[in-house]
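Asker:
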Amino acid sequence: MTDEQNLLAEQRRALILDEVRRRGGVRVNELTRRLRVSDMTVRRDLDALARRGAVAKVHGGAVPVAQTSSYEPGFEAKSGLEPRAKEEIARAAAAMVAPGAAIALAGGTTVYALAQRLAEPSAPGELTVVTNSVRVADVLYHARRTRSGPPSRPGGPTVVLTGGVRTPSDTLVGPVADAAVRSLHFDVLFIGVHGISAVAGLSTPNLAEAETNRHFVRSARRVVVIADHTKWGTVGLSSFARLAEVDTLVTDAGLPAAARAEIEEQLPGGLVVAGEPEPAP
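With the UniProt record's numbering, letter number 183 in the sequence shown gets 183, and the count goes up by one each step, no holes.
1. Which class does ARG135 belong to by DSSP, given the choice of helix, strand or coil?
2. Which residues bound the alpha helix (DSSP H) around LEU46?
3. Compute the beta-carbon to beta-carbon distance between ASP228 and ILE16, rounded to the nearest angstrom, for a pair I have assumed lies under 8 Å.
4. First and last residue of the beta strand (DSSP E) that includes VAL225?
5. Taking 7 Å as the threshold (C-beta atoms), are GLY195 and THR234 in contact?
6. Return the chain-ordered list of same chain residues with a C-beta closer than 7 Å to the C-beta of ASP178, the five sequence neighbours on each side being excluded.
7. Buried or exposed, going by whether 16 or more other CB atoms sit within 10 Å of the CB of VAL199?
8. To the nearest angstrom, how far is it from the Cα of VAL37 to the Cα of GLN11?
9. I'd like to know whether the C-beta atoms of VAL136 and ALA115 end up nearer to each other than 7 Å.
10. Helix, strand or coil for GLU198? Go by DSSP, reduced to three states.
11. Near PRO157, which residues of its chain fall below 6 Å by C-beta distance, leaving aside the five closest residues on each side in sequence?
12. DSSP puts SER169 in a beta bridge; with which residues?
13. In whole angstroms, give me the CA-to-CA distance for ASP3 and ALA9.
14. Between the alpha carbons of GLU82 and ALA208, how many angstroms are there, rounded?
15. DSSP three-state label for LEU127, please.
16. If I measure Cβ to Cβ from GLU245 and keep anything under 7 Å in the same chain, skipping five residues before and after, which residues do I get?
17. For the beta strand (DSSP E) holding THR158, just list the boundary residues, first then last.
18. Residue range of the beta strand (DSSP E) that LYS86 falls in?
19. Give the straight-line distance between the Cα atoms of ARG117 and LEU35, rounded to the nearest whole angstrom.
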């Protein structure tokens with residue numbers, strides 16, 4: 001490799017590292033378009049950065065290595081993590097939604113996967129969905145526009161998007177969001193988490209998001225947490241609910257047996273493991 005080629009590679013990697021730090025993660029297909037190079041070149045660059053300990057590779061991209069309790073990765077970075085588990089969890093959670101229900105969908109990539117399920121033509125009808133996720137609102141809004149229905153009533157759910165300040169996860173938080181959420185009442189809240197543990201409960205690295213999530217939990221008759229197994233044992237900066245305040249936890253088969261026992265102790269009968277057959281009665 002020539003000195004010029006080495007320089008170009010280092011320039012690319014510096015740009016990639018800057019994007020990872022600024023956005024909380026990058027995806028390979030985005031980098032190929034921005035840098036105008038092949039997938040193979042980008043993957044070699046990510047391999048080189050990972051060997052230096054500058055980034056951590058994930059499915060389809062890379063995220064920063066250092067993750068403290070106050071670190072909050074961006075939506076794109078998180079969307080590449082545990083995609084199969086999220087799909088299984090979303091399928092199981094969608095089966096819990098009754099036609100005509102008023103539901104709340106908080107932010108996060110697992111909740112977004114659920115929203116994609118609820119946007120399908122076979123999803124329960126007449127739903128009212130309140131969300132503080134820009135991504136969730138967008139996918140459900142487009143479902144309402146494209147799904148067929150009677151002339152007097154368009155298909156798809158009715159979507160209410162709270163206002164607020166946008167976070168790296170594309171959720172809206174702060175006083176405006178808090179005021180909107182606490183004035184409403186939901187049949188079911190579906191909420192994702194940054195971390196969940198027996199001691200810290202549900203937690204997030206964002207203080208404002210924690211407060212908004214507290215209002216979501218208080219306004220719901222039933223609280224359903226949807227989180228893949230990697231969230232167990234992770235603790236963010238701020239807790240917003242105790243595990244005992246959760247009615248149901250929907251997770252995937254990767255959850256260890258010891259964690260299942262801890263959860264079942266606090267949520268008797270409230271653990272749903274997506275992708276596994278239900279036990280015989």
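All C-beta atoms, glycine included, are put in the ideal place defined by N, C-alpha and C.
Answerer: Looking at the atomic coordinates:
1. helix
2. 39 to 51
3. Wrong, their Cβ atoms sit about 26 Å apart, outside the cutoff.
4. 220 to 226
5. yes
6. GLU211, THR212 and HIS215
7. exposed
8. 13 Å
9. yes
10. Looking at the sequence itself, residue 198 is Ala, so the reference to Glu does not match. Coil, per DSSP.
11. LEU127, VAL129 and LEU140
12. None, per the DSSP bridge assignment.
13. A caution first: ASP3 carries a pLDDT of 41, below 50, which makes its placement in the model too unreliable to give a value.
14. 26 Å
15. coil
16. VAL217 and VAL223
17. 158 to 161
18. From DSSP, LYS86 is part of no beta strand (DSSP E) but of the alpha helix (DSSP H) over 83 to 94.
19. 34 Å
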